[in-house]
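All you need for my numbering is the position in the sequence shown, starting with 1, plus 35. Ideal Cβ placement from N, Cα and C applies to all residues, glycine included. Structure, as structure tokens:
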Amino acid sequence: MFEEGHTYAAYLKVVAGAVLTSLALVFVRRRWFSFLSDIPGPFLGSFSVLWQIIHAIKGHTEEETIAEHKKHGDFVRIGFNEVSIGHPNAINEVLKSQMNKGDWYRIFSLPDSRYVNQMSEVDAKRHITKTKNVAPGYAFSNVIKAEPQVAR
């Protein structure tokens, strides 16, 4: 199975070296060469989601995020590809923008991934189209008209 003169340990060293090199390259790319690299935040958040996981387990992510905002300002990098925004005007602009949502919204596809509903739609343009289709049902005038049927 192994070439003459080579041992299992030698192959294991090569594989371990390749894995460590790959991890180092991912770390360097996420930490210093990401389009978010100029946004301050906790060290773990600059290359992984470990910061978020640790504080989710502790149960007080919101308090830690607020502390990071006090330390770093309105924009805090809390994950290698995620930024927490703490300024009301910026939040408004983000919500009005036509950016695609993150992949984690796909979890709301119920009963399974074949059904993409309003909440699980990640494509901004399709989300807007779906919103226009359901928006009339939430208009105040239509809610008032439906109230007698709902109140039964």
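Integer-rounded CB distance, given that residue 141 should sit under 8 Å from residue 157: Correct: roughly 6 Å between the Cβ atoms.
Spatially closest choice to residue 112 from 93, 162, 71 and 134, by CA coordinates: When the alpha-carbon of residue 112 is set against those of 93, 162, 71 and 134, the nearest one is in 71.
Residue 49 - DSSP class collapsed to helix/strand/coil: helix
Reduced DSSP category for residue 110 - H, G, I as helix; E, B as strand; rest coil: strand
Candidates 59, 159 and 93, of which the one nearest residue 135 by Cα: 159
Neighbourhood of residue 151 by C-beta distance below 7 Å, restricted to the same chain and skipping five residues each side: Correct list, in chain order: 144.
Which of helix, strand or coil DSSP assigns to residue 156: coil
Beta carbon proximity, residue 91 to chain C, threshold 8 Å: Given the protein chain composition of this structure (a single chain), no chain C is represented.
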